[in-house]
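Take a look at the structure set out below.
Following this line, the structure appears as structure tokens:
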């Protein structure tokens, strides 16, 4: 079964999520904006094998920790967002300074995403939908097997997405 845990990160308390296949413990993290020690603790506590980083969009609170986390785990692939967010990726360092979130660095996604693509984790496939609006390159990850969509900042419920 596909499992997930939501972990609020950064001063914005945005929803970062760990998703994993409970059979083989292969895991991905969605939107590691920061607070990497908190994420690493959860990964270790759950006994997960982090294999991928998925990005919904490239605002600092969603993508600010992606490069450092990828490096910390031996060069993990960074998947997403859509190429429309390239300019936000390029601006991660100034975004971090502007919002007082510490050092962030730009990255080159291992794979850009487009509407209709899929991402896989163990035996599970999630559909990718391009949802421009909040940013031009925003995508969401749909996991129908658990009736869940990881939406980044497409939807807000009284707070940051």
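Numbering (our numbering), first residue to last: 11 to 171.
Where a beta carbon is used, it is the ideal one built from N, C-alpha and C, also for glycine.
Quick check on DSSP: helix, strand or coil for residue i?
i           : result
residue 96  : helix
residue 72  : helix
residue 12  : strand
residue 171 : Summary for residue 171: the model assigns pLDDT 47, below 50, so the residue's position carries little reliability, and this model does not support an answer.
residue 111 : coil
residue 40  : strand
residue 105 : helix
residue 155 : helix
residue 53  : helix
residue 60  : strand
If residue i and residue j are in contact, beta carbons under 8 Å, what's the gap, nearest whole angstrom?
i          : j          : result
residue 44 : residue 90 : Actually they are not in contact, since the Cβ atoms of residue 44 and residue 90 sit about 17 Å apart, beyond 8 Å.
residue 88 : residue 66 : Rounded, the Cβ-Cβ distance is 12 Å, inconsistent with contact.
Would residue i be called buried (16 or more neighbouring beta carbons within 10 Å of its own) or exposed?
i           : result
residue 171 : Reliability of the predicted coordinates at residue 171 is poor, the pLDDT of 47 falling under 50, and no value is obtained from them.
residue 58  : buried
residue 24  : buried
residue 97  : exposed
residue 111 : buried
residue 16  : exposed
residue 93  : exposed
residue 156 : exposed
residue 71  : buried
residue 42  : buried
residue 107 : exposed
Per DSSP, which residues does residue i bridge with? Please list them.
i           : result
residue 24  : 19
residue 144 : None, per the DSSP bridge assignment.
residue 33  : Paired residue(s): none; residue 33 is not in a bridge.
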